[in-house]
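See structure below.
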Amino acid sequence: MGLWYPKDSSFELTAFSDADRARLEAEYVALSVSCAQVMWMRTQLQDCGFNYIKIPFCCDSQLAIAISCNPIQHYRTKNIHTRYHFIMEKVENGIIELYFVRTEYQLADMFTKVLPEDRFKYLVRRIGMRCLTLAELEVLAKETA
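In the numbering used here, the protein residues as written are 448 to 592.
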């Protein structure tokens, strides 16, 4: 099985963070680290002429999103190192827009988990790609050679 990404597809920067039922602190740290990686990607893409003003960021932890959107220190965040509050600044400045996404719609799962074939194909379609059979891949390889 292969993946095909058509040329006429849109080119958008959308982030997903999947913490898999971790403790709140771990979910928040994962969200912040993911945010730092997305900001790096944004910088690289800006160097290539792509501008992203607001980046949609999908997360499956409502608590991590709530803390990221609330600049007031929360009692559950007192043990989190200040460097992980990086995401709060990006949310406040409007660079990152956080959205809750239910676990079953978490696109990051296709890259991090072994999934049943039907679930994998569903997630592939959600990102605008297609699953190709070996025969279809061979035809494409011959066309581009």
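Beta carbons are placed, not taken as given, at the ideal position from N, Cα and C, and that holds for glycine.
Can you check which of these residues, Ser515, Glu551, Lys560, Val548, is closest to Ile542 by C-alpha distance? Taking the first residue of the sequence shown as position 1, residue 542 is located at position 95. Across the set Ser515, Glu551, Lys560, Val548, the C-alpha of Ser515 shows the shortest separation from the C-alpha of Ile542.
Buried or exposed for Asp556, going by 16 or more other Cβ atoms inside 10 Å? Residue numbering aside, residue 556 sits at position 109 when the sequence shown is read from its first letter. Sixteen is the threshold: when 16 or more other Cβ atoms of the shown chains lie within 10 Å of the Cβ of Asp556, as they do, the residue is buried.
What residue does the beta strand (DSSP E) around Phe533 start on, and which one ends it? Against the sequence shown, residue 533 aligns to sequence position 86. Here Phe533 belongs to no beta strand (DSSP E); instead the alpha helix (DSSP H) covers 533-539.
Nearest-angstrom Cα distance between Val548 and Ile534? Locating residue 548 in the sequence shown gives position 101, counting from the first residue. Locating residue 534 in the sequence shown gives position 87, counting from the first residue. For the pair Val548 and Ile534, the Cα-to-Cα distance works out to about 18 Å.
Excluding the five sequence neighbours on either side, which residues of its own chain have a C-beta within less than 6 Å of the C-beta of Leu460, listed in chain order? Your numbering for residue 460 matches position 13 in the sequence shown. Result list for Leu460: Tyr499, Ile502, in chain order.
Beta carbon of Lys589 nearer than 7 Å to that of Cys578: Along the sequence shown, one-based indexing puts residue 589 at 142. Along the sequence shown, one-based indexing puts residue 578 at 131. At least 7 Å separates the beta-carbon of Lys589 from that of Cys578.
Rounded to the nearest angstrom, what separates Leu554 and Val485 at their Cα positions? Position 107 of the sequence shown, counting from 1, holds the residue named residue 554. Position 38 of the sequence shown, counting from 1, holds the residue named residue 485. Between the C-alpha atoms of Leu554 and Val485 there is a straight-line separation of about 15 Å.
Please classify Tyr546: is it buried, with 16 or more other beta-carbons within 10 angstroms of its beta-carbon, or exposed? One-based indexing of the sequence shown puts residue 546 at position 99. Exposed, because fewer than 16 other Cβ atoms sit within 10 Å of the Cβ of Tyr546.
Contacts around Phe458, its chain only, beta-carbon distance under 8 Å, and the 5 residues preceding and following it disregarded: The residue given as residue 458 occupies position 11 in the sequence shown. Cβ within range, chain order: Phe497.
For Asp494 and Lys537, the rounded distance between their alpha carbons: Start at 1 with the first residue of the sequence shown, and residue 537 comes out as number 90. Start at 1 with the first residue of the sequence shown, and residue 494 comes out as number 47. In a straight line, the C-alpha of Lys537 is about 20 Å away from that of Asp494.
Here's a check: name, in chain order, each residue in its chain whose Cβ is nearer than 7 Å to the Cβ of Ala483, leaving out the five neighbours to either side. To locate residue 483, count along the sequence shown from 1; it is residue 36. Result list for Ala483: Phe533, in chain order.
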